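Have a look at the structure below before the remarks.
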Amino acid sequence: MQNLHLKRPLEANKASQYRGRFAPSPSGLLHFGSLIAALASFLDAKSFVNEHGQQGKWLIRIEDIDRPREQQGASTAILRTLEAFGLYWDETELYQSTQSQYYRDILSSLSKQRLSYYCQCTRAEIKAIGGIYQSHCLNTNHPPQNSALRIINRFGLHQFNDLFQGHVVCDKKLANEDFIIHRKDDLFAYQLAVVADDIAQGITHVVRGCDLLEPTARQLTLYQTLNNSFLKCNTPLFGHIPLAITGGGYKLSKQNKAPAIDNDRPQPSIIAALKFLGQSPKAELHSASVEELIKWAINNWQRSSVPKVVEINID
Ligand code: GLU
Ligand code: ZN
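Residue numbering for the sequence shown follows my numbering, starting at 1106 and increasing by one per position.
Laid out in structure tokens, this is it:
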């Protein structure tokens, strides 16, 4: 289990370090909604300068643990788009598909410390009791086969200070649930993988879309559980940006076929994304190069201008 500790870059513990990340799932190409998350996390990292004059680092993690939902070639296409948009990352990108042993080590340590249990409840059964899981299987001894693994939630953390949204209070009942960390279909749960890898990559600031506000509560509990047991870690700061919503009221995502953005003409999308993020790119920037535009955006990034509203209609 000792090697878990070696996974973390030592520098992440220094207060003056900023290590941000963008963590796309390769279930489709980048679209305007994901570009906004990429740009915001990049700008927040690169506009940070520590006392030694060093900018924050910005890392990439490809969240490819959900193989059935993966689209062939999407990871490479996402990386090429980021480059075309002038969003260059530091360090080698991390693929979650290479992290299975690390996740398994964490799961087995949690289980050895009696911080998790197997559950065989179905979605329909949980729905029938009101949609919130009530630790039904806590004292049953289900075998691992055909079971999900749930964490024993001792903390139920449900409030935090968001970098953009201010004080956020999440649904208390949901935050108190013993949530799934390994799925019945044998996939590692998003909550487990995202926290394990933010720790592994020494992430200090998580900037992402508002659709992940509620999961943040669970992630806070997971950090606390790990830190109190066998994996010393610092909880990162979180910042959630508004979601781009289509006319139909749906989140602009790969699922509702948002158009792919154009690698050959990045400027209009960058300018639209900056405006969406409450920044004020000047008219002259319309004819700027991608490099000039990104440089301007870093130098003029205003956290306080990012809209507080959770949903904005872009149509
Ligand atoms: N992979 C997740 C997504 O594409 C994002 C995870 C995160 O930023 O924490 O929605
Ligand atoms: Zn159960």
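Positions of the beta carbon are idealized from the N, C-alpha and C atoms, including for glycine.
Just so it is clear, the structure is predicted and the values come from calculations on it, not from any experiment.
Measure the beta-carbon distance from residue i to residue j and round it to whole angstroms, keeping in mind my assumption that it falls under 8 Å.
i	j	result
A1294	I1285	5 Å
Q1218	S1334	5 Å
C1242	Q1225	6 Å
I1211	L1317	Not a contact, Cβ separation roughly 20 Å.
S1216	I1256	Wrong, their Cβ atoms sit about 10 Å apart, outside the cutoff.
Do residue j and residue i have their beta-carbon atoms positioned less than 8 Å apart in this structure?
i	j	result
R1174	S1213	no
W1163	S1146	yes
A1128	R1166	yes
N1258	T1321	no
F1269	H1391	no
L1148	A1402	yes
S1240	D1195	no
Y1123	H1310	yes
L1134	I1170	no
Just mark residue i as buried or exposed, buried being the case when its beta carbon has 16 or more other beta carbons within 10 Å.
i	result
S1409	exposed
V1274	exposed
L1244	Note on residue identity: the sequence assigns Asn, not Leu, to residue 1244. Result: exposed.
N1155	exposed
P1371	buried
A1388	exposed
P1347	buried
H1157	exposed
D1302	buried
Tell me the DSSP secondary structure of residue i in three-state form.
i	result
F1190	coil
V1273	strand
V1154	strand
K1162	strand
A1142	helix
V1411	coil
A1182	helix
R1174	helix
R1288	coil
L1398	helix
I1366	coil
L1199	strand
Fill in: Runs of alpha helix (DSSP H) lying entirely within the region 1211-1268, each at least 4 residues, in chain order
1228-1233
Worksheet item: What are the start and end residues of each continuous beta strand (DSSP E) run of 3 or more residues lying completely inside the region 1291-1348, in chain order?
Response: 1310-1314, 1342-1346
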